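Asks: I have a structure here, written as structure tokens, and I will follow up with some questions on it.
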Amino acid sequence: MSTEAIAAEKPKRNYNALFGLTLLALLVLLWVILSVATPSFASTNNISNLLRQGSMIAILAVGQTFVIITGGIDLSVGAVVGFATVIAAMLINAGVPVILAILITLLVGVAIGLFHGFGIVKMGLPPFIITLATLTSLRGIGLLMTNGNSISINNDAFQLFSRSSFLGIPNLFWMVILVGIPAYVFLHHSRWGRYLFSVGSNAEASRLSGVNVQRTIYMAYTLSGLCAAFVGVLLASRIGIGNPTQAEGWELQAIASSVIGGTSLFGAVGSVHGPLLGAFILATINNGANLLNVNAFWQRIITGVLIIVIVYFDGLRRRGK
């Protein structure tokens, strides 16, 4: 890493920490306001439901963040989630041991990520195009595999996991912690994480500095595919079916969570804790709006306004450098 990059590292970390504290304060403020506005918000059942709602999008947002930091985008993650529910359901119903079925499903996600990397690195396709093509294709492949039907999963223990809690905390939220901690170490305390930021900042300069840019791009999209497949397993466990049309629009929620969490769509700026908080801020807004009987259309408007404001200020910050 160059001397200038090392000098810039501390201000960047300070900015990430300050922005993370701001997001946490916003999340706490939302919880306080909603607890006063509607007594049912602070109930144990509702908080558990909110954590479950936000957990899967939070994991998707982490994978999406790796890609966005490199200056790319992954529009396929929602389709990968739906496709993974089908793979997991078919394997489990075929008598494959649950652990092995999960591992195979995760490998499918890795393979999809590698395919995206190949399309970008070797074929020269824009990330938007290759991942959009995968989004469309996976929905169609999944529908062909299931003949347009849902597959009911006949394993009660598999379904019970996502509906259960440990120490009073939903298992799905524990999965966020399981993903978040190693993701944080990887992104912020490993050379591979620094490579992601470097490629997003200037791919050519990174290549001249000895960074394997192609391998870094492969890695980013593979991690995104892995996270999406993992969410597919969790979703299959929660709803008890495999359906390729599930998780429609989740790619946009993942991108929104990442952006609200401070990840720059211009690349080279992002964190792990930001998108996690962004996902739960969105989940809180949606949950509170439902409890207050706010029209669902307003929920989308609020999310859109949040994205515009944050991207606008990110642009101002970049121009102020």
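Throughout the sequence shown, residue numbering follows our numbering, covering 4 to 324 in sequence.
Note that CB positions come from ideal geometry on N, CA and C, so glycine has one too.
Every value quoted in this text rests on a predicted model; they were computed, and no experiment measured them.
Under 7 Å Cβ to Cβ from residue 4, same chain only, skipping five residues before and after it: list those, please.
Replies: Residue placement at residue 4 cannot be trusted, given a pLDDT of 46 that sits under 50; what the coordinates show is reported in the next sentence. Excluding positions up to five away in sequence, the list reads 197.
Asks: Whole angstroms are fine: how far does the CA of residue 123 sit from the CA of residue 218?
Replies: So the two alpha carbons sit approximately 11 Å from each other.
Asks: Could you tell me which residues DSSP puts in a beta bridge with residue 169?
Replies: In DSSP, residue 169 forms a bridge with 172.
Asks: Ordered along the chain, which non-local residues of its own chain (more than five positions away) have a Cβ less than 6 Å from that of residue 64?
Replies: 257, 260, 261, 278, 282, listed in sequence order.
Asks: Where does residue 245 fall in DSSP's three states?
Replies: In this structure, residue 245 counts as strand in the three-state DSSP scheme.
Asks: If we ignore side chains and look at the alpha-carbon of each, how far apart do residue 138 and residue 248 end up?
Replies: When rounded, the distance between both Cα atoms is 11 Å.
Asks: Assuming residue 275 is part of the alpha helix (DSSP H), what are its boundary residues?
Replies: No alpha helix (DSSP H) contains residue 275, which DSSP labels as neither H nor E.
Asks: Measure the C-alpha to C-alpha separation of residue 295 and residue 152 and round it to an integer number of angstroms.
Replies: Approximately 35 Å between the Cα atoms of the pair.
Asks: Measuring CB atoms only, is the segment 91-107 touching the segment 180-190, in the sense that at least three cross pairs come out at less than 8 Å?
Replies: Because the criterion of three Cβ pairs below 8 Å is not met, the segment 91-107 and the segment 180-190 do not touch.
Asks: Excluding the 5 residues flanking residue 80 on each side, which residues of the same chain have their C-beta closer than 7 Å to its C-beta?
Replies: So the qualifying residues of the chain are 63, 66, 67, 227, 231, 253, 254, 257.
Asks: Applying the criterion that 16 or more other CB atoms from any shown protein chain within 10 Å of the CB defines a buried residue, is residue 174 buried or exposed?
Replies: Buried.
Asks: Between the segment 200-207 and the segment 285-294, can you find at least three pairs of beta-carbon atoms closer than 8 Å?
Replies: Touching, no, given that fewer than three Cβ pairs across the two stretches are closer than 8 Å.
Asks: Rounded to the nearest angstrom, what separates residue 314 and residue 269 at their Cα positions?
Replies: Looking at the two C-alpha atoms, the distance is approximately 10 Å.
Asks: Where in the segment 31-116 do unbroken runs of the alpha helix (DSSP H), each at least 4 residues long, occur, reported from the N-terminal end onward?
Replies: Counting only runs of 4 or more, we get 47-72, 80-96.
Asks: How many angstroms separate the CA atom of residue 317 from the CA atom of residue 57?
Replies: Roughly 24 Å between the two C-alpha positions.
Asks: For residue 8 and residue 266, I'd like the C-alpha separation in whole angstroms.
Replies: Confidence at residue 8 is low in this model, with a pLDDT of 44, below 50, so its placement is unreliable and the value that follows should be read with caution. Cα to Cα, the separation comes out at about 19 Å.
Asks: Do residue 233 and residue 106 have their beta-carbon atoms positioned less than 8 Å apart in this structure?
Replies: It is not a contact, given that the beta carbons lie outside the stated cut-off.
Asks: From residue 90 to residue 115, what distance separates their C-alpha atoms?
Replies: C-alpha separation (whole angstroms): 13 Å.
Asks: What does DSSP give as the partner residues of residue 154 in its beta bridges?
Replies: Beta-bridge pairing links residue 154 to 245.
Asks: According to DSSP, is residue 267 part of a helix, a strand, or is it coil?
Replies: Coil, per DSSP.
Asks: With a threshold of 7 Å on Cβ separation, who are the neighbours of residue 179 within its own chain once the five nearest residues in sequence on each side are excluded?
Replies: Same-chain partners within the cutoff: 58, 61, 62, 279.
Asks: Here's the rule: buried if 16 or more other CB atoms are within 10 angstroms of the residue's CB, otherwise exposed. What is residue 69?
Replies: Buried, by the Cβ-count rule.
Asks: Excluding the five sequence neighbours on either side, which residues of its own chain have a C-beta within less than 7 Å of the C-beta of residue 53, listed in chain order?
Replies: 286, 287, 290.
Asks: Where does residue 159 land, buried or exposed, given buried means 16+ other C-beta within 10 angstroms?
Replies: Residue 159 should be labelled exposed.
Asks: For residue 250, name the three-state secondary structure that DSSP assigns.
Replies: Of the three classes helix, strand and coil, the one that applies to residue 250 here is coil, per DSSP.
Asks: Measure the alpha-carbon distance for residue 6 versus residue 208 and round it to whole angstroms.
Replies: Because the pLDDT at residue 6 is just 43, under 50, the model does not fix this residue reliably, and the point stays unresolved.
Asks: Tell me which residue opens and which closes the alpha helix (DSSP H) that residue 148 is part of.
Replies: Start and end: 130-149.
Asks: Report yes if the C-beta distance between residue 220 and residue 73 is below 8 Å; otherwise report no.
Replies: Contact: yes.
Asks: Check residue 195 in the structure and name its three-state DSSP category.
Replies: The answer is helix: DSSP assigns residue 195 an H, G or I state.
Asks: Is residue 1 buried or exposed, if buried means 16 or more other CB atoms sit within 10 Å of its CB?
Replies: Missing from the structure shown is residue 1; the chain here goes from 4 to 324 and no further.
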